[in-house]
Every structure is written in structure tokens, then in C-alpha cells.
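Enquirer: Have a look at this one.
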Ligand SMILES: Nc1nc2c(ncn2[C@@H]2O[C@H](COP(=O)(O)OP(=O)(O)OP(=O)(O)O)[C@@H](O)[C@H]2O)c(=O)[nH]1
Ligand SMILES: [Mg+2]
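Residue numbers (the numbering used here): 378 to 805.
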């Protein structure tokens, strides 16, 4: 009998091979209850990266999305339960299973750790995960939420300690206090709903970043770009994605929204690296890109590296999606108390308006002359929505002064004010 020809696995074409090599490997790891919920949500939306949820709590892991790899650790120490806010136990549990954690993290280009700080698993184990990721040579980025005020001092203390020990192992970190959600929703909103609003927002932003890296664009963003943005240690990072309806003013609106996330206690001002991507159904005009690029470069460090990506996607019919990732942000984190005071004065970042002449409001006569000289200039809007027009020189001078002041205070401001009291971050 003639033998059936054996099936031979198809050799990947040169192009496929090239693609495989080029493809950036991103792994997103949620540690502890909150972090795992956020990562579960992202995993059910995004397919390109790989997702892990890690917890000592078996029940909590069961609730995670099927699209995640579930990693239970610390069985001997917690018997499959949580740690009950015991960060020492969380750390020990991770330290006992270093080899397994190493297996989870090796072979990646970028590891993104997502943790809701304040409990025992996430706060205790995340620094162990970060250290291992760093030792493997991965770019490592941490996204952290801080507990609500009403949860008490103890939780905040746990969160501060975790940040202190994790910072040296990270290239960059984003810090989002849960409390900031009340900038968007009412204080009387039930807790579950409030948490899911934060999670949705973080999911949107992170999904935006992952898509930015994986989707082929007219101007591509690749791993080398990511490396440029993430180089350095313990840099404060700002990540935000927004989708706005497409209109004549959409690029202006998009940039305004993207740069003013209410969830961050700091802005991209002074950033040293910015990655920026716009996705739309139709081609985005060079003019629009120019406008956005100008608005950004006015805000960031003079030496900042700015990387742009542009992609087309039918999914964004009549919409444009904008993702901003900025690292080395100018430490404008204030304590919640001073934040409240500053918020009243806080200036909203706005891009230059396309036709400023039309938008000039009639002001008292004595100001007219001053306004005429400031046509085509960026405007700054205060939180009270009072529009103030500034000329380019003014803005540049202010930015330079701010930068000078910032540099002078750099060491001191390295950490949020509420953490500074205890000399919270180690100087690097
Ligand atoms: N944004 C957000 N924060 C959360 C969520 N769940 C919990 N948190 C916050 O995270 C803090 C820590 O809670 P968990 O993540 O459940 O704690 P853990 O790391 O599992 O540690 P254990 O104490 O052992 O349960 C809480 O105090 C909340 O402030 C969530 O789904 N989203
Ligand atoms: Mg838990």
C-alpha cells in the first residue's frame, strides 16, 4: 500500500518570520484583587497582548476573565485565601515562588503591572514581580491606584510603602488615586459603580496603548519607540486614551481631552518623553497633526523626545481616538488637600484654537488692544471656564519659569506631597 504523504508543518515565509521577530511582546499582569479586576476587563477587550492575573485568593481568581492566565501563588501561606491587608504575607508568598514568577515574565519586551494598592497581595507581591521583571531585562511599567480616603490611613500607608519599594524596579509608573473618580461622578455613587468607572477608564487607556503598539499605522510606533519613551528609572507616567466625534474641531477637542484626564493628580507638563497616536477612519490631515504636535511640544520639556503615530481604522467611523503616553512628567502631584485649593486655580491645558479671532469674547475696552496682539495664540482655560488669552512669549516664559522652579524642587517634589512628609521616595 502506498503510504500517505506525511503532513509537514508549513515553514513560515520570510515575511511571517520577520513579523514574528518584530512583534513586541507585551504581558499585562494584574496582581491582587483590584489589579486582577482591571486586567480581566482589558483582556476581554484586547487580543494582541497576553494577560495574567495573579493572586493568593483562589476565589478571586475564579472570577477572572477566561482570556487571562491565572496564577495562584502562596497556597502554603494563605491556604488559597487573601492576606487580609497583610503586605508582608503578600511579599513572602511571592518570594517563595520566584521561579514560577520568572517563568511568567521571561521572554517579554514590556511587562505592565497593574495593582490597586492598599491591600496585602498586590502591595506586598508587586515589588517582587517588578524586581524579577527588571532582572530579566524587560521594560517594566506599573499602573497603580491608591485607596479611597474613606478606607483609612492604614491602607494608604500600605500603598506608600509598596510604592517606595517598587519604584526602583520600574522604568515608569502611573499613579491614580481612586478618590479622583469623584471629579467625574457624584460622591453618592455606590462603591462598586465608582470602582468600575475607574476600571473602565484605565482599561480604555491601556487598551489604547496596546493598540497603538500593535496596529500597523501610516506612521508606525514600534518597540524602539517604546524603549525611547520608557528609558530611565521610576519615571512618573501619564497615560490616557480618548475618543471624540470627528468634526472640524475634533483634533483640538481630542488633544484637550487627552491632556486633561481628571483621574491624574499631575499633567504631562515637563515630560521628557511623549508617545502620541491618532487613529481615525479617514486620513488625518497634516495640518491637524501639526496642531496637536505644537500643543504638546509647548507643554513638555524642551529636550523631550516626541514620537507620533497615525493609524487608520474602520472601527473609528466618524470618530478619532487619541492616545497619549508621557513619561518623566513634572511631578505636579499635590496632596488631596492642596489639590482642592489648586483645582480652583488649575489651568486646563488647551491646544491652539484654529481660528482664534472668532472666539475672542468682547471684553472691557481697555483690554481690547492686548487681545488684538494675541491673535492665533494658544489659550488657557481656568477651571472656572473663564477664558484667558496668552501670547506665545508669555506662555514660553511661564513654561520656562515653571521648569526652572520644578528643577530646583526636583528632589523634593519627587513624590506626592502626602508621601513626602516621610521622605517617601528614595533619591536615585
Ligand atoms: N480601581 C480599583 N480599585 C480597587 C478595586 N478593588 C479594590 N480596589 C482598591 O484596592 C485596594 C486593595 O484591595 P485589593 O486589590 O482587593 O487587595 P489585595 O491586593 O487583593 O490584598 P488583600 O488585602 O489580601 O485582599 C482597596 O483598598 C481599594 O482601594 C477595583 O476593582 N478597582
Ligand atoms: Mg484580595
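Using N, Cα and C, we set each Cβ at its ideal position, and we do this for glycine too.
At a cut of 8 angstroms, does the stretch 570-587 reach the stretch 407-421 through at least three beta carbon pairs?
Expert: yes
Enquirer: Can you name the start and end residues of the beta strand (DSSP E) that residue 353 belongs to?
Expert: Residue 353 is absent from the model: the chain starts at 378 and stops at 805.
Enquirer: Does the beta carbon of residue 341 fall short of 7 angstroms from some heavy atom of ligand 1?
Expert: Nothing can be reported for residue 341, as the shown portion of the chain is limited to 378 through 805.
Enquirer: Measuring CB to CB, does residue 600 end up less than 8 angstroms from residue 695?
Expert: Using a Cβ distance threshold of 8 angstroms, residue 600 and residue 695 do not count as a contacting pair.
Enquirer: Could you tell me if the beta carbon of residue 628 falls within a distance shorter than 7 angstroms of some heavy atom in ligand 1?
Expert: no
Enquirer: Where does residue 445 sit, in a helix, a strand or coil, going by DSSP?
Expert: coil
Enquirer: Roughly how many whole angstroms lie between the Cα atoms of residue 788 and residue 700?
Expert: Below a pLDDT of 50, predicted positions are generally treated as unreliable, and residue 788, at 42, falls in that range; the measurement from the model is reported next regardless. One C-alpha to the other measures close to 29 angstroms.
Enquirer: Looking at residue 405 and ligand 2, is the gap between the Cβ and the nearest heavy atom below 7 angstroms?
Expert: No, the Cβ of residue 405 stays beyond 7 angstroms of every heavy atom of ligand 2.
Enquirer: Just the C-alpha distance for residue 435 and residue 457, rounded to the nearest angstrom, thanks.
Expert: 5 angstroms
Enquirer: Do residue 409 and ligand 2 come close, with the Cβ less than 7 angstroms from some heavy atom?
Expert: Correct: residue 409 has its Cβ closer than 7 angstroms to ligand 2.
Enquirer: From this set, 514, 509, 537 and 527, which residue's C-alpha is nearest residue 521's C-alpha?
Expert: 537
Enquirer: Where residue 426 and residue 593 are concerned, what is the direct C-alpha to C-alpha distance, given to the nearest angstrom?
Expert: 15 angstroms
Enquirer: With hydrogens ignored, establish whether the beta-carbon of residue 457 is closer than 7 angstroms to any heavy atom of ligand 1.
Expert: no
Enquirer: Among the candidates 510, 605, 578 and 477, whose CA atom is the shortest distance from the CA of residue 619?
Expert: 578
Enquirer: Can we count residue 460 as close to ligand 1, meaning its CB is less than 7 angstroms from some heavy atom?
Expert: Yes.
Enquirer: Grab me the residues of residue 402's own chain with a C-beta within less than 7 angstroms of its C-beta, minus the 5 sequence neighbours each way, in chain order.
Expert: Once the five neighbours on either side are set aside, the close Cβ partners of residue 402 are 484, 485 and 486.
Enquirer: For the beta strand (DSSP E) holding residue 432, just list the boundary residues, first then last.
Expert: Here the beta strand (DSSP E) through residue 432 covers 427-432.
Enquirer: Once DSSP output is grouped into helix, strand and coil, what is the label at residue 655?
Expert: strand
Enquirer: Where does residue 339 sit, in a helix, a strand or coil, going by DSSP?
Expert: In this structure the chain extends from 378 to 805, so residue 339 is not present and cannot be described.
Enquirer: Is it buried or exposed for residue 614, if we count other Cβ within 10 angstroms and need 16 for buried?
Expert: buried
Enquirer: Using 10 angstroms around the beta-carbon of residue 671, count the other beta-carbons present and answer buried if the total reaches 16, otherwise exposed.
Expert: exposed
Enquirer: Hey, residue 596 and residue 687 are a contact pair by Cβ (cut 8 angstroms); roughly how many whole angstroms apart?
Expert: 5 angstroms
Enquirer: Beta carbon of residue 807: closer than 7 angstroms to some heavy atom of ligand 2?
Expert: The first residue shown for the chain is 378 and the last is 805, placing residue 807 beyond what the model contains.
Enquirer: Does any heavy atom of ligand 2 sit closer than 7 angstroms to the C-beta of residue 498?
Expert: yes
Enquirer: Within 10 angstroms of its Cβ, does residue 623 collect 16 or more other Cβ (buried), or is it exposed?
Expert: buried
Enquirer: Roughly how many whole angstroms lie between the Cα atoms of residue 508 and residue 482?
Expert: 11 angstroms
Enquirer: Report yes if the C-beta of residue 514 is less than 7 angstroms from at least one heavy atom of ligand 3; otherwise report no.
Expert: The ligand content of the structure shown is limited to ligand 1 and ligand 2, which means ligand 3 is not among them.
Enquirer: For residue 527, count neighbouring C-beta atoms within 10 Å of its own C-beta (all shown protein chains included) and say buried if the count is 16 or more, exposed if not.
Expert: exposed
Enquirer: Report, in whole angstroms, the separation of the C-beta atoms of residue 681 and residue 648, which I expect to be a contact under 8 angstroms.
Expert: Taking a contact as a CB-CB distance under 8 angstroms, the pair residue 681 and residue 648 counts as one, their CB atoms being some 6 angstroms apart.
Enquirer: Go to residue 475, then tell me how far its alpha helix (DSSP H) extends in each direction, as first and last residue.
Expert: 475-482
Enquirer: If you compare alpha carbons, which of 656, 692, 661 and 706 is closest to residue 641?
Expert: 706
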